[in-house]
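Colleague:
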Amino acid sequence: MSSAKTVSQWQHFVEGCLDFRPVEGVYRIAREMFTEPELFDLEMELIFEKNWIYACHESEIANNHDFMTMRAGRQPMIITRDGTGQLNALINACQHRGTTLTRVGKGNQSTFTCPFHAWCYKSDGRLVKVKAPGEYPEGFDKATRGLRKARIESYKGFVFISLDVQGSDSLADYLGDAKVFFDMMVAQSATGELEVLPGKSAYTYDGNWKLQNENGLDGYHVSTVHYNYVATVQHRQQVNAEKGA
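Sequence positions in the sequence shown follow UniProt numbering and run 1 to 245.
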């Protein structure tokens with residue numbers, strides 16, 4: 001754990017940020033929980049870069065050599081289906097000098113070529129070509145220079161990855177009882193399969209991830225901030241009721 005504070009010091013910090021007085025109806029968290037840079041780094045390291053996190057749905061990379069990019073915490077990733085149909089979670093950084101291999105959100109290609117020195121990798125992460133190969137020392141072995149990988153598993157078509165390559169926990173164990181909700185979603189399909197429809201809206205949020213999560217739990221703002229959406233849903237419900245649907 002890369003932190004200047006000890007576990008005891010972090011425990012004291014967190015406890016000092018909490019003001020929970022149920023009898024008085026007070027449930028407050030100090031804003032330092034949302035602004036402390038070192039705490040944010042620890043959260044990235046121990047939550048998003050340590051556990052299984054959702055990457056994509058298999059229908060989004062259905063064909064061989066399909067890929068899409070995402071981030072696991074602070075780490076840019078390429079999720080691929082290689083030429084044999086296997087899923088791969090590749091670090092989106094050339095093993096030579098760390099250059100980002102692709103900035104494309106999704107596509108289909110069998111190789112990824114570094115834009116800096118033209119090292120070329122297959123969609124399974126293997127290094128297959130380097131520029132000016134005769135200039136490398138005799139002991140240079142492409143087989144040992146492939147892209148770094150994360151663990152990757154799929155449950156009912158939902159693809160998860162974990163940067164903790166030494167971890168021993170399976171995705172099924174990690175999901176635990178949460179598997180029931182995935183089962184319920186898939187059970188709604190007559191074929192037992194789901195498909196993510198094309199189209200995506202991307203938003204840049206310049207703030208702490210916990211604040212966005214807090215906002216997602218706040219239903220009080222919905223009828224004002226999302227008035228048009230609520231009105232559309234209510235109108236649809238009214239139309240369906242009139243039709244007896």
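Yeah, the Cβ is synthetic: ideal placement off N, Cα and C, and Gly gets one too. Note that the structure is a prediction, hence the values are computed from the model and not measured.
#1: According to DSSP, P76 sits in a beta bridge with which residue or residues?
#2: Need the endpoints of the alpha helix (DSSP H) that A150 sits in, please.
#3: Let me know if R236 comes out buried or exposed under the rule of 16 or more other beta-carbons within 10 Å of its beta-carbon.
#4: Quick check: the segment 149-158 against the segment 56-63, are at least 3 beta-carbon pairs closer than 8 Å?
#5: On a CA-only basis, which of A62, D41, Q9 is nearest E193? Give me that one, please.
#6: For T35, collect the residues of the same chain with a Cβ closer than 8 Å to its Cβ; drop the 5 residues on either side in sequence, then sort them by chain order.
#7: Excluding five sequence neighbours on each side, which residues of the same chain lie with their C-beta closer than 8 Å to the C-beta of F20?
#8: Assign G219 to one of three DSSP states: helix, strand, or coil.
#9: Whose C-beta lies closer than 8 Å to the C-beta of K243 among residues of the same chain, with five residues either side of it excluded?
#10: Within 8 Å, do at least three Cβ pairs link the segment 118-134 to the segment 144-154?
#11: For the alpha helix (DSSP H) containing D173, list its first residue and its last residue.
#12: My output table needs one value for Y205: the three-state DSSP class, helix, strand or coil.
Modeller: Short version:
#1: R71
#2: Careful: A150 lies outside any alpha helix (DSSP H), inside the beta strand (DSSP E) at 149-155.
#3: exposed
#4: yes
#5: A62
#6: N208
#7: V26, Y27, R28
#8: helix
#9: none
#10: yes
#11: 171-175
#12: coil
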